[in-house]
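Working notes, structure below.
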Amino acid sequence: MGIWSGSCHCGAVRFRVEGDIEELTRCDCSLCRRRGALMAKVHESGLVIEAGEDNLALYQWNTGVARHYFCRTCGIYPFHRKRSAPDSYGVNVGCLEDFDPSQVEAPYRQADGVSMTVKGQGRPEWTGPRED
Ligand SMILES: [Zn+2]
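Right, here's the structure in full:
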């Protein structure tokens, strides 16, 4: 099990992640495509906000279930409350000190975010990762 310190760019938001990071994901939904972060899934019990919770702004879209946070000062996305796993966060591993993504065995998993978007023919529920 690892413990990592995390922060936004300006340092207003600081948090700690405790647990195992075994898989990293990228997502191709319209938000993640723009955000470009490599993410780890962390259970809510393993994410502790140490400073700056009131400096987090909330962005919600699509079904409004996921809660995407970003720093009001520097705009960096540190983590979001997941829609596909509501008891977990997606954490931007680029915000973690001394975390080397190359140490995670699989390079990363491509999450199928596009088809989770409800508009048009999108599916309303997560049905699992993309196969390719
Ligand atoms: Zn900041």
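Counting in my numbering, the sequence shown runs from 257 upward without gaps.
Heads up, the beta-carbon is just placed ideally off N, CA and C, and yes, glycines get one too.
Under the three-state DSSP convention, the category residue i falls into
{"i": "Q366", "result": "strand"}
{"i": "N348", "result": "strand"}
{"i": "R290", "result": "helix"}
{"i": "M372", "result": "helix"}
{"i": "G302", "result": "helix"}
{"i": "E278", "result": "coil"}
{"i": "S358", "result": "helix"}
{"i": "G273", "result": "According to the sequence displayed, residue 273 carries Val and not Gly. The answer is strand: DSSP assigns V273 an E or B state."}
{"i": "C264", "result": "coil"}
{"i": "C283", "result": "strand"}
{"i": "D388", "result": "Model confidence at D388 stands at a pLDDT of 46, short of 50, so the residue's coordinates are unreliable; what they give is reported in the following sentence. Here D388 sits in coil by DSSP."}
Presumed contact (8 Å Cβ cut-off) between residue i and residue j, rounded CB distance
{"i": "P357", "j": "C264", "result": "Incorrect: roughly 18 Å between the Cβ atoms, too far for contact."}
{"i": "F271", "j": "E306", "result": "6 Å"}
{"i": "S344", "j": "V298", "result": "6 Å"}
Sequence-distant residues of the same chain with beta carbon closer than 8 Å to residue i, five excluded per side
{"i": "M257", "result": "E274, G275 and D276"}
{"i": "V349", "result": "I277, L280, A293, L294, M295, A296, F355 and P357"}
{"i": "G302", "result": "V273, E274 and G275"}
{"i": "E361", "result": "E278"}
Contact set for residue i: own chain, Cβ-Cβ below 7 Å, skip 5 residues either direction
{"i": "C285", "result": "G369, V370, M372 and T373"}
{"i": "R291", "result": "Y333"}
{"i": "T329", "result": "C266, A268 and N311"}
{"i": "R323", "result": "L314, Q316, H336 and R337"}
{"i": "D388", "result": "The predicted model places D388 with a pLDDT of 46, which falls under 50 and marks its position as unreliable; any figure quoted below should be read in that light. So no residue of the chain qualifies."}
Cβ neighbours of residue i in the same chain (closer than 6 Å, five flanking residues each side left out)
{"i": "P342", "result": "none"}
{"i": "V321", "result": "R339"}
Listed in chain order, which residues are found with a beta carbon closer than 6 Å to a heavy atom of ligand 1?
This criterion selects C264, H265, C266, A268, V269, C327, T329, C330 and I332.
Of all the beta strand (DSSP E) runs that stay within the bounds of the region 296-341, which reach a length of 3 or more residues?
Complete beta strand (DSSP E) runs here, min 3: 303-307, 312-315, 323-327 and 335-337.
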